[in-house]
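*Asks:*
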Amino acid sequence: MTSLKERHPAHEKAPAVARPDAQGGEIASLDRRIRACRICRDMPLGAPLEREPNPVFTLSNTARICIAGQAPGNLADRSGRPFTDPSGVRLRAWMGVGEAVFYDAARINIVPMGFCFPGTDPKGGDRPPRPECRQRWHGEVFAAMPRLELILAVGRAAQLWHLGKAGLAGRSVAEVLDLWRAGAGEVREGPTILPLPHPSWRNSGWISRNPWFEETILPELRRRIARLL
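Written as structure tokens, this is what we have:
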């Protein structure tokens, strides 16, 4: 049976898993190193970042839920807080949590595929997440979350990476959500990966065309999140 659990291919050695640290020594060091990272400015893969790097994320080794997003937008870059825009309001409503819980890193980690605002494209939209973050940090970051049970893969870039690690590359959001509803996410060890459409207004059409998402997926998502909190 296909699984929504994240796994490492046979040829890929899984990173060593950090143990929960009441003092937060290892995770605090990782947090500082990411915030000091300037690789997309000093050693970029392609054109350098348009702005001064400003990593926006939340991280702890006690969280059981991780929101794996795309990259911070302009407002998040300015404020230093992820999802400080209407998409964040919608995402919190989907999850059934308020800001106090959403931004409590002890319970919910927010780890985008790109830690910094990637800039805008010629049409005024956000550019794709920078690849440097994923290559440099994500293996270490997710190995530092020993209590993680649920990954919400929000947006296409996050889904490609996380579902690819679970052997579900190429599946649509609807297909993977069908597997989740059927219980396929409970087969293997490791965190369950649940893909969500990006909560941007641009996806309002998809949500309208797929009423089952709000009718069946969101109630179960809220129950799962309430249990993990």
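Take the position in the sequence shown, starting the count at 1, then add 4; the result is the number in this note's numbering. The C-beta atom is built at its ideal place from N, Cα and C for all residues, glycine as well.
(1) Cβ atoms of residue 111 and residue 222: under 8 Å apart, would you say?
(2) Are the beta-carbon atoms of residue 76 and residue 126 separated by less than 8 Å?
(3) Which same chain residues, not among the five before or five after residue 135, have their C-beta less than 7 Å away from its C-beta?
(4) Mark residue 27 as exposed unless 16 or more other C-beta atoms lie within 10 angstroms of its C-beta, in which case mark it buried.
(5) Taking 8 Å as the cut-off, decide whether the C-beta atoms of residue 121 and residue 58 are in contact.
(6) According to DSSP, is residue 46 part of a helix, a strand, or is it coil?
(7) Is there contact here, the stretch 66-74 with the stretch 137-157, by at least three beta-carbon pairs under 8 Å?
(8) Quick one: what's got a C-beta closer than 7 Å to residue 47's C-beta in the same chain, skipping five residues either side?
(9) Which one of 132, 32, 38 has the shortest CA to CA distance from residue 161?
(10) Taking only three categories from DSSP, how would you classify residue 130?
(11) Per DSSP, what are the beta-bridge partners of residue 70 in this structure?
(12) How about residue 33 and residue 204: do their beta carbons lie closer than 8 Å?
(13) Cα separation between residue 200 and residue 96?
(14) Which of the three DSSP states, helix, strand or coil, is assigned to residue 220?
*Replies:* Answer, in terms of the structure:
(1) no
(2) no
(3) 49
(4) Here residue 27 scores only 43 on pLDDT, less than 50, and its place in the model should not be relied on; the value that follows carries that caveat. Residue 27 is exposed by the Cβ-count criterion.
(5) yes
(6) Correct three-state label for residue 46: helix.
(7) Of all C-beta pairs linking the stretch 66-74 to the stretch 137-157, three or more are shorter than 8 Å, placing the two stretches in contact.
(8) none
(9) 132
(10) strand
(11) 113, 155
(12) Contact: no.
(13) Those two C-alpha atoms are separated by around 12 Å.
(14) helix
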